[in-house]
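Counting along the sequence shown from 1, when you hit position 69 you're at 273 in my numbering, and nothing is skipped either side.
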Amino acid sequence: MKITVNLASRPYVDVRSIIKQLRILMAVFIVLALPLWLLLRAERKNAEASTARVDAVGNNVRRLEQQQRSYQALMREPQNAAVLTQSDFLNSLFRRKSFSWTATMTDLETVLPSGVQVLSIEPEVSPDGAVAIRLRVNGARDRAVELVRNLEKSRHFAYPRLAGEALATSTGPNQGVQPINASMQENFDILADYRPLSRDEEKSEHPGAAKTDTAAGEKRVEEKSDEQSIKEKKPRKMPAPAYVPGAPTQTGPGRRGAQ
205 MKITVNLASR PYVDVRSIIK QLRILMAVFI VLALPLWLLL RAERKNAEAS TARVDAVGNN
265 VRRLEQQQRS YQALMREPQN AAVLTQSDFL NSLFRRKSFS WTATMTDLET VLPSGVQVLS
325 IEPEVSPDGA VAIRLRVNGA RDRAVELVRN LEKSRHFAYP RLAGEALATS TGPNQGVQPI
385 NASMQENFDI LADYRPLSRD EEKSEHPGAA KTDTAAGEKR VEEKSDEQSI KEKKPRKMPA
445 PAYVPGAPTQ TGPGRRGAQ
């Protein structure tokens with residue numbers, strides 16, 4: 205029979221295995237922390253570069269704003285007030301002239317449902333060139349809702365919203381109280397942002413029209429070349445013979461050939 209006697213005052217603990225586990229955990233943490241530290245360092249450099257670029261852009265903006273204020277103060281001087289007023293007038297005139305009524309009406313025809321009548325169109329051109337259109341239309345309410353939906357789907361109009369509505373007033377002799385229904389004629393005010401497409405976008409949207417324009421241009425070029433060739437084939441007029449003293453002169457058919 206074997207008897208084991210433990211005379212230690214504290215229980216035995218295997219510290220070596222615990223230290224080994226701690227070393228393994230420390231190694232794992234170091235392996236994980238190293239790429240994170242490298243990533244943090246790279247991001248810090250990128251942040252410093254971005255901050256430097258933002259500061260440079262801010263300084264440039266402040267310089268341009270200061271230059272703009274100096275120019276504005278120069279234009280507000282009494283001797284330049286007339287030029288400033290004229291430039292504002294010309295800029296507003298150019299903005300109004302840049303609005304194409306023909307293109308707007310053509311684009312509006314593609315979204316206007318049947319039974320809706322356009323009463324007025326009021327374009328508003330902002331100084332930055334953005335165009336907002338106020339439409340006043342007359343028709344049934346369901347048709348007006350359809351018009352707004354068509355404007356939302358269109359590439360030419362953006363952010364359509366209904367600004368107001370009112371019953372269409374009648375001044376005829378048969379004016380009277382009418383029942384409220386869905387087909388009652390009403391006046392609607394619709395606001396929408398207008399954005400005309402560029403030529404490339406128009407060609408992509410209407411490829412048939414682009415082909416037609418190309419064919420028409422080629423036909424005009426061919427007609428011009430034909431006209432040029434016809435002109436070149438016309439006989440040239442011979443120059444009149446020079447007068448030589450002492451030489452016999454020709455007379456008309458009713459006169460004698462010699463004096």
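The beta-carbon is built from N, C-alpha and C at its ideal position, and this holds for glycine as well.
Using a Cβ distance threshold of 7 Å, residue 327 and residue 361 do not count as a contacting pair. The shortest C-alpha to C-alpha distance from residue 314 to any of 258, 252, 325, 351 is the one to 351.
Per DSSP, reduced to three states, the secondary structure at residue 207 is coil, with no helix or strand assignment.
DSSP, read as helix, strand or coil, puts residue 344 in coil. Residue 334 carries a coil assignment under DSSP once its states are collapsed to helix, strand and coil. Under the three-state reduction of DSSP, residue 217 is assigned to coil, being neither helix nor strand.
Excluding residues up to 5 positions away in sequence, 341, 342, 343 lie with their Cβ nearer than 8 Å to the Cβ of residue 321 in the same chain.
Less than 7 Å separates the beta-carbon of residue 397 from that of residue 363.
Looking at the DSSP output, residue 366 bridges to 394. Secondary structure note for residue 321: it is in no alpha helix (DSSP H), and the uninterrupted beta strand (DSSP E) holding it is 321-329.
Here residue 303 carries a coil assignment [DSSP, helix/strand/coil].
One alpha carbon belongs to residue 291, the other to residue 250, and they sit about 45 Å apart. The beta-carbon distance between residue 392 and residue 366, rounded to whole angstroms, is 6 Å. This is short enough to meet the 8 Å contact definition. When the five nearest sequence neighbours on each side are left out, the beta carbons in the same chain lying within less than 8 Å of the beta carbon of residue 284 are those of 278, in order along the chain. With fewer than 16 other beta carbons inside 10 angstroms of its own, residue 286 counts as exposed. With a beta-carbon spacing of about 6 Å, residue 395 and residue 338 fall inside the 8 Å limit used to define contacts. Residue 371 carries a strand assignment under DSSP once its states are collapsed to helix, strand and coil. Residues of the same chain with a CB within less than 8 Å of the CB of residue 280, apart from the 5 flanking positions on each side, are 288 in chain order.
Bridge pairing for residue 339: 325, 394 [DSSP]. In this structure, residue 359 and residue 329 do not form a Cβ contact; the two beta carbons are roughly 20 Å apart against a cut-off of 8 Å. Rounded to whole angstroms, the separation of the alpha carbons of residue 268 and residue 260 is 12 Å. Cβ neighbours of residue 400 within its own chain (closer than 6 Å, five residues either side excluded): 307.
If you ignore the 5 residues before and after residue 336, its C-beta comes within less than 6 Å of the C-beta of 328, 397, all in its own chain and listed in chain order. In terms of Cβ geometry, residue 369 and residue 356 do not form a close pair [threshold 7 Å].
Just so you know, the alpha carbons of residue 235 and residue 241 end up roughly 10 Å apart.
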